[in-house]
Structure formats: structure tokens, C-alpha cells
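If you number the sequence shown the way my numbering does, the last residue is 534 and the count never jumps.
Comments concern the structure below.
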Amino acid sequence: MNIIDGKAVSASVKEQIRQEILRDNLQVGLAVIIVGNNQASRVYVNNKKKACEVCGMQSFEYALPEETTEKELLELIDTLNNDPKVNGILCQLPLPKHLDEEKVIEAISPLKDVDAFHAVNVGKIMIGNYAFLPCTPAGVMELIHSTGTDVCGKECVVIGRSNIVGKPMAMLLLHENATVTVCHSRTKNLAEVCRRADILVSAVGRADFVTADMVKDGAVVIDVGMNRNAENKLCGDVKFDEVAPKCSYITPVPGGVGPMTIAMLMKNTLMAKRLQMSNE
Ligand code: GUN
Numbered sequence: 255m256n257i258i259d260g261k262a263v264s265a266s267v268k269e270q271i272r273q274e275i276l277r278d279n280l281q282v283g284l285a286v287i288i289v290g291n292n293q294a295s296r297v298y299v300n301n302k303k304k305a306c307e308v309c310g311m312q313s314f315e316y317a318l319p320e321e322t323t324e325k326e327l328l329e330l331i332d333t334l335n336n337d338p339k340v341n342g343i344l345c346q347l348p349l350p351k352h353l354d355e356e357k358v359i360e361a362i363s364p365l366k367d368v369d370a371f372h373a374v375n376v377g378k379i380m381i382g383n384y385a386f387l388p389c390t391p392a393g394v395m396e397l398i399h400s401t402g403t404d405v406c407g408k409e410c411v412v413i414g415r416s417n418i419v420g421k422p423m424a425m426l427l428l429h430e431n432a433t434v435t436v437c438h439s440r441t442k443n444l445a446e447v448c449r450r451a452d453i454l455v456s457a458v459g460r461a462d463f464v465t466a467d468m469v470k471d472g473a474v475v476i477d478v479g480m481n482r483n484a485e486n487k488l489c490g491d492v493k494f495d496e497v498a499p500k501c502s503y504i505t506p507v508p509g510g511v512g513p514m515t516i517a518m519l520m521k522n523t524l525m526a527k528r529l530q531m532s533n534e
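Below, the structure written as C-alpha cells:
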């Protein structure tokens, strides 16, 4: 069994980005919007800003109060859409309940949509002709590649069907010619389906959800979960201690997928800069 070091793979991706920005002497800027006082969001936003610094990009933070109106937020996005120093715009989710996330995402220019959440970019991912990678699924693909595993023809099972992870994850695996099954809360015989997987990706959001009886011997297991257990400790979806011995490769939480999501965000921000340069 091997533990995949997401921090190391992420550091190497960020270093490549830093080198490229230096080599081409680029000014790259990412605007990060955070609304309200969600503690987890604050940690993610801080990590994203830190990554910008590591890569030699500028970050512009817009920390707005909980009671921000939709009109105010949409006006800020409009300003950022038209600011040439801002190459990427990221609005940290979840938003407070009175704000319509879909409306906010659709207000971001598709050319600056570094999360790849805009319907235009989601559509491009579906077709397989895309500039922006969906960050978390793209990070998972990099981690799978880092193991030397060839995805082509493999049985891949994704647990979870969210727009942010499960659905685009299935697409990226499919683009690499995997046989993909997407499971969710209504799936019958979940353990049996998961046991077919050569590559199992869990994006459920429940601690201890994936147990040893759901995993085939020698499988690659990728844990996208980010949960708190009964002792308030950060943990993934996978019951790591009992599942790990069965795997050929497994990601830890923390230190697996999380750092990769941010590395892919940096990659998208550099891509946004290049797109905007070619549109000038
Ligand atoms: N909230 C949880 N994950 C993400 C993400 O990848 N991007 C944004 N903007 N918000 C999130």
C-alpha cells in the first residue's frame, strides 16, 4: 500500500507555474470573494491567497459582510469582469442563503471563471474541449497519474454526483476512456458496485462512509471528503485504517486532494491570463 502525497504533487505543480510566470514575465491576478463568516471558507480562502503568493501571482481579497445584497455582489463581479488586472474571479461557496449561487456564478465572465462553474465552461467540459479544468476533479486526475496508473479501460466508480465534484469527475475519467459508474444516495447495492472499482473516488461528505468491504484488493482509492469526525478532527469519507491495507494507492485527508484543488486553481488562473492575452 502506498500513500499518495498530495502536498508534494501540488508543490511541484505550483513550482512549474511559478517558473512559467517568471520566464514569460507575466502579471497574473486572482480576485477572491468571500461573503459572511463561514470558518471553513475562511481557511480555504487563506490557502488560495497563500498559493497565489507561492506562484508569483497577485491576489485581491473582497471580504464582504453576511448581509451583502445580491445587487451589491453582482455589481462587484461586474467591476472585476472589467478590471484588466483581474484575470480570475473566484467566489467562495457556500454563499449566505439569501444569495442565489447560480445567479452569482453566471455573472462571472466565462473567461475569468477559474472554478469552471459557469454553464459555458461546464458545457465545454462535457464536450471535452475546455480551457478551464474543474479544479477538484482535475486535481484527482493528477494524483491518479502520479501513481503511474493508466485509466484507459479501467472500472472507475465515483460516489457523489455534485456539480462541483461528482459529475465533472465522471467526465474527466470518461475522457481518458475509463468505464465510469456514478453512485449516489439512491444507488442500490452500493458496496457491491464499489467493489468492482479499480479506481474508487469518494465525494460524499460523510466520515467513515467508505469501509473495507466496499473496496477491491489492489484498488486506487481517492478520498475527496473533507469532514469532521466525533472528536472534531479533520477526516475524509474513507475509513482510512481499515481500507488502506487493501489498496495499491490511497490519498490521506488532510494532505491528499485538498492541496491539489488549489494547485489546479493556480493553473486555471494562469490559463485565464493566457486566454485574455489572446483576446486582446
Ligand atoms: N467551496 C468548496 N469548494 C469550492 C471550490 O472549489 N470553489 C469555490 N469557489 N467554492 C468552494
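A virtual CB, placed ideally from N, CA and C, is assigned to each residue, including glycine.
Treat the numbers as computed from the prediction; the structure is a model and nothing was measured.
The alpha-carbon separation between LEU328 and CYS306 amounts to approximately 24 Å.
Judged by pairs of C-beta atoms under 8 Å, the segment 470–477 does not touch the segment 438–446, as fewer than three such pairs exist. Taking 7 Å as the cut-off, one finds at least one heavy atom of ligand 1 near enough to the beta carbon of GLN346. Per DSSP, the continuous alpha helix (DSSP H) segment holding ASP495 begins and ends at 494–497.
Beta-bridge partners assigned by DSSP to VAL419: none are found.
Bounds of any alpha helix (DSSP H) do not take in ILE362, whose DSSP letter is neither H nor E. The bridge partners DSSP lists for CYS501 come to none. For TYR298, the secondary structure class from DSSP, reduced to helix, strand or coil, is helix. Taken in chain order, the complete beta strand (DSSP E) segments of 3 residues or longer contained in the segment 392–472 are 409–413, 433–437, 453–456.
For ALA262, the enclosing alpha helix (DSSP H) has its first and last residue at 260–277.
Judged by DSSP secondary structure, ALA317 falls within the beta strand (DSSP E) whose first and last residues are 312–318. Here PHE386 is not near VAL358, since their CB atoms are 8 Å or more apart. Looking only at LYS339, ASP332, VAL289, LEU334, the smallest Cα-Cα distance to LEU280 is reached by LYS339. Among the bridge pairs identified by DSSP, ALA385 is matched with none. Segment contact: the segment 341–358 against the segment 317–324, three or more CB-CB distances shorter than 8 Å; contact assigned. Per DSSP, reduced to three states, the secondary structure at GLY509 is coil, with no helix or strand assignment.
Secondary structure note for LEU334: its alpha helix (DSSP H) is the uninterrupted segment 324–335.
Placement of the Cβ of THR322 at a distance of 7 Å or more from every heavy atom of ligand 1 is found. Per DSSP, the beta-bridge partners of ASP477 are SER456. In the same chain as ASN291, and ignoring 5 residues on each side of it, the C-beta atoms closer than 7 Å to its own belong to GLU320, in chain order. In this model, TYR298 and MET520 are separated by some 14 Å (Cα to Cα). ILE476 is positioned such that its CB atom lies no closer than 8 Å to that of VAL374. The shortest C-alpha to C-alpha distance from ASN486 to any of ALA294, SER400, HIS372 is the one to ALA294.
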